[in-house]
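Colleague: When we follow numbering that gives the first Met the number 0, the leftmost residue of the sequence shown carries the number 0, and every step to the right adds one. By construction, the Cβ of each residue, glycine as well, lies at the ideal position given by its N, Cα and C atoms. I have a structure I would like to understand better, so I am pasting it below and will then ask my questions one at a time.
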Amino acid sequence: MSEVSSDPILSCAEALAYEGNLFRGDPEQEWNAMNRAGEAVADAALRDMRELRTIPHRPRLLVLAGKGHNGGDALIAAKRFLRTIPTARAVVWPWSSKGECRALTGRAFEELIEFASNRTEVLACAQGTSVEEIKAAIEAFEASGGFDLLIDGLLGMQSKPGLHSPMKEWISMINSMDAISVRVAVDLPSGITDSVDPDVEPVRVDFTYCPGIVKRPVMLPENLKWIGRARYLDLGFFDASDMQTGKAERVLRTSSLRCLRRLRPTDCDKRDFGRLLAVIGSRKLGGAALMCARGALNAGVGLLTCCVPESLHASFVAACPEAMWVPVPESPEGSMALEGLGLIRQHLSEADALVVGPGIGPDQESHSLVREVVKLFSGPILLDADALRPRILDAIEPQDNLVLTPHAGEIKRLAEGLDPMNFARSFAGVVLAKGSRTVIFGGGKALHLFCGSSLLARGGSGDLLSGIVSALMARGNRSNLDCAALGALWHAKSAEALARQHGQEAVTVGQVAEYMSFALRNDF
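What follows is the structure, encoded as structure tokens:
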């Protein structure tokens, strides 16, 4: 049985029907869910704001509140924010009056004012305001220093396509406003619906929080520039019903990572935690080999044996003494030579899993060596980087014990002219497609990863990931799909922890490995 939990991704219409069946028109159930959603949004925003900078002593919050339930979520989030930071101040800019709001949204409005009337300013409704007045208000905001956080709760999943004046101009001016540090949206950025309209400019945010249910518009590539980084806030909706468990498109629950949080048995031995063989590195790309090794060791593999070009051996032993480094004869270009096959073959019989590719480079002789190595190994294999080539893949039969970890260019190379996503969906093994939206394909499912940080857009990030995933594969007590999903989660949550401590810029990928312990030991 899988230890990795996931929930279905639904269209807006499916989500509306699901919520209707879940709450059955009970306003108290809806109110409780709205409070959980709003509080989860505020808590997530307080964490994600730290990727930009330390939260200031007196943060200012701007809330764009519509009359629907997204507006209620945003208002409850503001209340939570103000409760968490007593020195914070909020400005609420509603689209319509409180009397025009849905009942629960009006209730959220009243509770916010009751809780923090002295710290909350409510502006005139934008609906009855001219474009010139909106422009003047925004100029005043910029002159007064702007805002540390914007929460968009204007429009929800039931909104109709298209935007009309003055909302169209209002959103455009908000998007152009420089004096907003971090922007977040509840559920969907306002202006995004099930259908994509290229003439509509939605609210542009840095983070989109999906409380309870992920809606399909979040997944569309055309919406990425508006949505920013998506976060799934699991509210337990799908614990109550199995209605949608057959959906192939799913979002990973980050809580799945807890299954790795276990004490080791008292009577354990290093061999109980897997023996991983890595065929990695070249003279030009030695750092990739070290990153892969570091990822595997930090992921707890019992024994790690790394085959590298002989010119790297001495320095790598000094840099990473926890691994066993095997010097392999090398070509004049500094890659592993085909004559090293016999030496590598001696270690294959003892390995529980094999990782190949990080840092091996484009040299054809190293590819020939890799092709022969993978033909000789019958256990689980992870292929990454320059090992992700059709010529190497074709040498492995059957392919259901493979995990591939390509980025967009590599998956296109493997597809050989076919649609890359169709290749990933139909592949017999597991494909961990890396990118700003990482997806794990396997077992007829596509598991979407809604966590991580843009700090991972650095060389070496994928090498670290391949080490983490292959270490989990070597331990042998989980499916390859679960190993890929858990490895991707661990990698992403470690990056989040690092970004919230040090930001996205003045850091290195090597530091991500240092935060793997924090990510595993803490819920955040």
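Of all the alpha helix (DSSP H) runs that stay within the bounds of the segment 346 to 406, which reach a length of 4 or more residues?
Modeller: Qualifying alpha helix (DSSP H) stretches, in chain order: 363 to 375, 389 to 392.
Colleague: Pop quiz: P389 and E415 are said to be a contact at Cβ under 8 Å. What is the actual Cβ separation, rounded to whole angstroms?
Modeller: The pair is a contact, with the Cβ atoms about 6 Å apart (cut-off 8 Å).
Colleague: What are the boundary residues of the alpha helix (DSSP H) that includes G486?
Modeller: G486 -> alpha helix (DSSP H) spans 479 to 501.
Colleague: Alpha carbon to alpha carbon, how far is L187 from S95? Give it in angstroms, no decimals.
Modeller: Rounded to the nearest angstrom, the two C-alpha atoms are 19 Å apart.
Colleague: Report the CB separation of G67 from G155 in whole angstroms; it is logged as a contact under 8 Å.
Modeller: That pair is a contact at about 5 Å.
Colleague: Please report the straight-line C-alpha distance between K224 and P55, rounded to a whole angstrom.
Modeller: Their backbone Cα atoms lie some 27 Å apart in a straight line.
Colleague: By Cβ distance below 7 Å, which residues in the same chain neighbour L103 in space, the five residues on each side in sequence not counted?
Modeller: The answer, listed in chain order, is P26, E29, W30, M33, H68, G71.
Colleague: Would you decide whether A12 is buried or exposed? Buried here means 16 or more other CB atoms lie within 10 Å of its CB.
Modeller: A12 should be labelled exposed.
Colleague: Tell me the rounded alpha-carbon separation between L375 and L347.
Modeller: So the two alpha carbons sit approximately 8 Å from each other.
Colleague: Going by other Cβ atoms of all chains shown within 10 Å of its Cβ, with 16 needed for buried, is A474 buried or exposed?
Modeller: In the sequence under discussion, the amino acid at residue 474 is Arg, which differs from the Ala named in the question. Answer is buried; the Cβ neighbour count reaches 16.
Colleague: Go through the segment 313 to 349 residue by residue and report every complete run of the alpha helix (DSSP H) that reaches 4 residues or more, in order.
Modeller: Runs of the alpha helix (DSSP H) inside the segment 313 to 349: 340 to 347.
Colleague: Quick one: using the 10 Å Cβ neighbour count with 16 as the cut-off for buried, is S493 buried or exposed?
Modeller: Result: buried.
Colleague: Excluding five sequence neighbours on each side, which residues of the same chain lie with their C-beta closer than 6 Å to the C-beta of E332?
Modeller: Only D362 meet the Cβ criterion.
Colleague: Measure the alpha-carbon distance for L251 versus I8 and round it to whole angstroms.
Modeller: Computed Cα separation, rounded: 10 Å.
Colleague: Which of the three DSSP states, helix, strand or coil, is assigned to F523?
Modeller: The answer is coil: DSSP assigns F523 none of H, G, I, E or B.
Colleague: Bridge partners of A445, per DSSP?
Modeller: In the DSSP output, where bridge partners are listed per residue, A445 has E248, F440.
Colleague: For S435, write down the residues that DSSP places opposite it in a beta bridge.
Modeller: DSSP lists no partner for S435.
Colleague: I need the straight-line Cα distance from F140 to M172, nearest angstrom please.
Modeller: The straight-line gap from Cα to Cα measures roughly 12 Å.
Colleague: I'd like the span of the alpha helix (DSSP H) that includes E141, first residue to last.
Modeller: Looking at the DSSP string, the run of the alpha helix (DSSP H) that includes E141 is 130 to 142.
Colleague: Using the DSSP secondary-structure output, state which residues sit across from R274 in a beta bridge.
Modeller: According to DSSP, R274 bridges with L302.
Colleague: Among residues of its own chain, excluding the 5 on either side of R344, which ones have a beta-carbon nearer than 8 Å to its beta-carbon?
Modeller: Answer for R344: V372, L375, listed in chain order.
Colleague: With distances taken between CB atoms, is the gap from L480 to S255 smaller than 8 Å?
Modeller: No, they are not a contact pair.
Colleague: Excluding the five sequence neighbours on either side, which residues of its own chain have a C-beta within less than 6 Å of the C-beta of L382, listed in chain order?
Modeller: V355, G356, L403, listed in sequence order.
Colleague: DSSP on A239, reduced to helix/strand/coil?
Modeller: For A239, the predicted model reports a pLDDT of 48, less than 50, meaning its position is unreliable; a value from the coordinates is still stated below. Residue state, collapsed to three classes: coil.
Colleague: Distance check for L276 and V327, CA to CA, integer angstroms please.
Modeller: V327 and L276: Cα-Cα distance of roughly 13 Å.
Colleague: Between the segment 106 to 113 and the segment 136 to 152, can you find at least three pairs of beta-carbon atoms closer than 8 Å?
Modeller: The answer is no - the segment 106 to 113 does not touch the segment 136 to 152, with fewer than three Cβ pairs under 8 Å.
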